[in-house]
Amino acid sequence: MQKFIQIPVLCCFLFITTLISCSSESLEVNEELQLEEFDTETITVVNPENKEVSNEVWTETSNWLGKMQLSNGLLESTENGDFVSLYDNALSAIAFTALKKYDKAEAIFDYFDGQIENELLKGNGGFYATRNKQGDHHDRIWMGDNAWLLIALNNYHQATGSNKYNRLSSELELWLRSLQDEDGGLFGGQNEDGTSIHKVTEGIVTAFNAVKGYDDFHKNILLYLKNERWDSNEQLLVAWPENPAYKYALDLHTLGFNTLENFPVTVLYQAERYKNTQTSTLTGEEIIGYCFDEDLDVIWLEGTAQMAVAFQNAGLESEANVLLEELEKTFIKSTTLVNAKGIPYTSNFGTTYGSEDLWDHADITSTISSSVWYLFAKLEFSPLALGKNKSIPSQDKFWNQ
Numbered sequence: 083m084q085k086f087i088q089i090p091v092l093c094c095f096l097f098i099t100t101l102i103s104c105s106s107e108s109l110e111v112n113e114e115l116q117l118e119e120f121d122t123e124t125i126t127v128v129n130p131e132n133k134e135v136s137n138e139v140w141t142e143t144s145n146w147l148g149k150m151q152l153s154n155g156l157l158e159s160t161e162n163g164d165f166v167s168l169y170d171n172a173l174s175a176i177a178f179t180a181l182k183k184y185d186k187a188e189a190i191f192d193y194f195d196g197q198i199e200n201e202l203l204k205g206n207g208g209f210y211a212t213r214n215k216q217g218d219h220h221d222r223i224w225m226g227d228n229a230w231l232l233i234a235l236n237n238y239h240q241a242t243g244s245n246k247y248n249r250l251s252s253e254l255e256l257w258l259r260s261l262q263d264e265d266g267g268l269f270g271g272q273n274e275d276g277t278s279i280h281k282v283t284e285g286i287v288t289a290f291n292a293v294k295g296y297d298d299f300h301k302n303i304l305l306y307l308k309n310e311r312w313d314s315n316e317q318l319l320v321a322w323p324e325n326p327a328y329k330y331a332l333d334l335h336t337l338g339f340n341t342l343e344n345f346p347v348t349v350l351y352q353a354e355r356y357k358n359t360q361t362s363t364l365t366g367e368e369i370i371g372y373c374f375d376e377d378l379d380v381i382w383l384e385g386t387a388q389m390a391v392a393f394q395n396a397g398l399e400s401e402a403n404v405l406l407e408e409l410e411k412t413f414i415k416s417t418t419l420v421n422a423k424g425i426p427y428t429s430n431f432g433t434t435y436g437s438e439d440l441w442d443h444a445d446i447t448s449t450i451s452s453s454v455w456y457l458f459a460k461l462e463f464s465p466l467a468l469g470k471n472k473s474i475p476s477q478d479k480f481w482n483q
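Residues in the sequence shown are numbered consecutively from 83, following the working numbering.
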């Protein structure tokens, strides 16, 4: 029996740590993108819940994100590296859409649209989780990352009214549906040796959001979650049922609340079990935030930003603002890009979900995931809001029973 390991969204890095390079080599960024300075005016953000959010959003962080885009449309996950993540590019496309930089979102979609035949529809299907900046991919396919790309497309189509990437969306949805097992759960994708990846709670919840509407696909997912991944005593989704030390994971608190209708707000307060204080590797300043799990050995800055978005969705603005202030203590000013700064993956070095060490430089290099989730919080924008309105029948909402 394959060992069950629940992996938070971006932690696919752990399998390919040798591919991460933090050299001083300059990024191969398109000259126009490199020199572009974004406006600093107040804009109205595209919000799928039709909530008008006017804010001064063109910050150095959005500058950094825009300037990270390569001439082929892709964005590297960290500055001065050679590692491209499907998840990070999906997040970037959502951010560009929310910021009305549709040309930048389209550049990402154009890349993957061009890979439908030789990647998405090849073999067992799905886009590869990682590749280098030239687009040469590796051999692991994560279902959850593909679901995030579909979420990005859904947000883009809603915001623009364009049908440009309808085929890409349709093929992604068909592939996600094909992964459903008889028990309602979804297999997590494909390993390098061609075997199926076990069922990962986080990816299943993401796919539930990504596939529009509510039909038997969604109903059966909820049955699986209820039967296999729900702790009725704690009222929490479970990450790793067989391992008490890592039974719970922070990302399931935020994903559950941001994805499932009428999910109890108490799940956000229960995330206190991951809250801790660490010293920033770069600044020496104390940072308060959330760990991946109950190890409490690190502040996961992406997850802390996700908590800020969840608090906003719950109407708990003061809690969200406190977290934003903590995140802003961790900014790294770019040494290669003008007027640009980002946020590292973690505040300090430690372990990711479980007992595996983080990759080198996770705490000292700006990353797409943390920076984009920070932007979502600054925009008061939830990338999962569009897929949350599914009119789930009350009898299927096991979390309210």
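Note that the Cβ used here is the ideal one computed from N, Cα and C, for glycine as well.
These numbers were taken from a predicted model, which means no experiment stands behind them.
Residues in its own chain within less than 6 angstroms of G285 by CB, not counting five upstream and five downstream?
-> Residue mapping note: residue 285 aligns to position 203 of the sequence shown, counting from 1. Contacts found: M225, G226 and G270.
Would you mind stating whether I233 and A292 have Cβ atoms separated by less than 7 angstroms?
-> As a position in the sequence shown, residue 233 is number 151, starting the count at 1. As a position in the sequence shown, residue 292 is number 210, starting the count at 1. Result yes, Cβ atoms of I233 and A292 sit closer than 7 angstroms.
Which residues bound the beta strand (DSSP E) around K357?
-> For the purposes of this step, residue 357 is identified with residue 275 of the sequence shown, where counting begins at 1. Here the beta strand (DSSP E) through K357 covers K357 to T361.
Is it a yes or a no for the segment 377–387 touching the segment 428–436, going by three-plus beta-carbon pairs under 8 angstroms?
-> The count of Cβ pairs closer than 8 angstroms, one atom from the segment 377–387 and one from the segment 428–436, reaches three, so the stretches are in contact.
From E462, K294, A175 and D195, residue whose alpha carbon lies closest to that of A186 = Residue 186 sits at position 104 when you count from the first residue of the sequence shown. One point to set straight first is that residue 186 is Lys, not Ala, in the sequence displayed. Its Cα nearest to that of K186, the residue A175 stands out among E462, K294, A175 and D195.
Simplified DSSP assignment, three categories, for T433 = In the sequence shown, the residue the question calls residue 433 occupies position 351. Three-state DSSP puts T433 in a strand.
In the structure shown, what three-state DSSP assignment does I488 receive?
-> Nothing can be reported for residue 488: it is not among the residues displayed for the chain, which extend from 83 to 483.
How about L231 and Y247: do their beta carbons lie closer than 7 angstroms?
-> Taking the first residue of the sequence shown as 1, we reach residue 231 at position 149. Taking the first residue of the sequence shown as 1, we reach residue 247 at position 165. Result no, Cβ atoms of L231 and Y247 do not sit closer than 7 angstroms.
CB contact flag (D221, E158, <7 angstroms) | Counting from 1 along the sequence shown, the entry for residue 221 is found at position 139. Counting from 1 along the sequence shown, the entry for residue 158 is found at position 76. It is not a contact, given that the beta carbons lie outside the stated cut-off.
Using the Cα positions of N162 and T417, report the straight-line distance between them to the nearest angstrom.
-> On the sequence shown, position 80 is the one that residue 162 refers to. On the sequence shown, position 335 is the one that residue 417 refers to. In a straight line, the C-alpha of N162 is about 10 angstroms away from that of T417.
Could you tell me whether the Cβ atoms of T341 and V282 are closer together than 7 angstroms?
-> Position 259 of the sequence shown holds residue 341. Position 200 of the sequence shown holds residue 282. Result no, Cβ atoms of T341 and V282 do not sit closer than 7 angstroms.
Spatial distance of G482 from H335 (CA atoms) | Within the sequence shown, the letter at position 400 stands for residue 482. Within the sequence shown, the letter at position 253 stands for residue 335. Position check: residue 482 holds Asn in this sequence, whereas Gly was assumed. One C-alpha to the other measures close to 15 angstroms.
In chain order, each alpha helix (DSSP H) run of at least 4 residues that lies wholly inside the segment 340–416 = With a minimum length of 4 residues, the continuous alpha helix (DSSP H) runs that stay inside the segment 340–416 are 348–351, 383–395 and 399–409.
Based on Cα-Cα distance, which residue from E343, L261 and C373 lies nearest to D478?
-> Within the sequence shown, numbered from 1, the residue matching residue 478 stands at position 396. For D478, the nearest C-alpha among the options comes from E343.
Do you know how far the Cα of G295 is from the Cα of Y304?
-> Here residue 304 corresponds to residue number 222 of the sequence shown, with the count starting at 1. Here residue 295 corresponds to residue number 213 of the sequence shown, with the count starting at 1. Tyr is not the amino acid found at residue 304; the sequence shown has Leu there. As the crow flies, the alpha-carbon of L304 is around 14 angstroms from that of G295.
Find out if the Cβ-Cβ distance for the pair E368, S452 is shorter than 7 angstroms.
-> Numbered from its first residue, the sequence shown carries residue 368 at position 286. Numbered from its first residue, the sequence shown carries residue 452 at position 370. No, the Cβ-Cβ distance between E368 and S452 is not below 7 angstroms.
What is the C-beta distance between Y210 and E201, in whole angstroms, given that I count them as a contact (C-beta under 8 angstroms)?
-> If you number the sequence shown from 1, residue 210 lands on position 128. If you number the sequence shown from 1, residue 201 lands on position 119. The pair is a contact, with the Cβ atoms about 7 angstroms apart (cut-off 8 angstroms).
Pairwise C-alpha distance: K329 and A241 | Taking the sequence shown and counting its residues from 1, one reaches residue 241 at position 159. Taking the sequence shown and counting its residues from 1, one reaches residue 329 at position 247. In this structure, the CA atom of A241 is about 38 angstroms from the CA atom of K329.
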